[in-house]
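Trainee: Sharing a structure, written as structure tokens. Questions coming.
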Amino acid sequence: MKKADLINQIAEQTGVPKVDVLVSIESFFTNVKKALAEGENVYIRGFGSFITKKRAAKVGRNIKKNTTVYIPEHYIPSFKPAKEFTEEVKN
321 MKKADLINQI AEQTGVPKVD VLVSIESFFT NVKKALAEGE NVYIRGFGSF ITKKRAAKVG
381 RNIKKNTTVY IPEHYIPSFK PAKEFTEEVK N
């Protein structure tokens with residue numbers, strides 16, 4: 321399913337114009353990204369959690385040049401589904 325398909329389904333189910341649904345979804349995505357960038361986690365009961373995970377600093381290798389590369393510690397976004405979400409997908 322693509323974002324356009326999701327927007328169409330929500331618009332059909334709710335009767336809200338597609339433009340308004342698009343603005344709402346884009347606003348949701350923007351706010352989740354902004355919260356994660358600021359170090360906040362986003363918890364949605366019954367759906368899941370958008371969290372940041374810390375990756376420790378490490379030494380990697382550049383295979384083409386055969387040199388070592390230092391990779392600093394950094395944070396990556398992650399999604400952890402809620403128990404209800406996981407059970408519904410399983411069944």
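Read in order, the letters of the sequence shown are residues 321 to 411 in this note's numbering.
Note that beta-carbon positions come from the ideal geometry of N, C-alpha and C, so glycine has one too.
Predicted model, so just to flag it, every value in this text is computed and none were measured.
(1) When you compare each of Gly335, Phe370, Thr406 and Tyr395 to Val352 by their alpha carbons, which one comes out closest?
(2) In the DSSP assignment, find the alpha helix (DSSP H) that holds Lys373 and state where it starts and stops.
(3) Can you give me the C-alpha to C-alpha distance between Leu356 and Ile396, rounded to a whole angstrom?
(4) Would you kindly work out how many angstroms separate the C-alpha atoms of Pro337 and Lys322, rounded to a whole number?
(5) So what does DSSP say about Asn382, is it helix, strand or coil?
Mentor: In this structure, then:
(1) Of the candidates Gly335, Phe370, Thr406 and Tyr395, the residue whose Cα lies closest to the Cα of Val352 is Phe370.
(2) DSSP places Lys373 outside any alpha helix (DSSP H); the residue lies instead in the beta strand (DSSP E), whose first and last residues are Gly368 to Arg375.
(3) Going by the C-alpha atoms only, they are around 9 Å apart.
(4) Cα-Cα distance, rounded: 18 Å.
(5) Reduced to three states, the DSSP call for Asn382 is strand.
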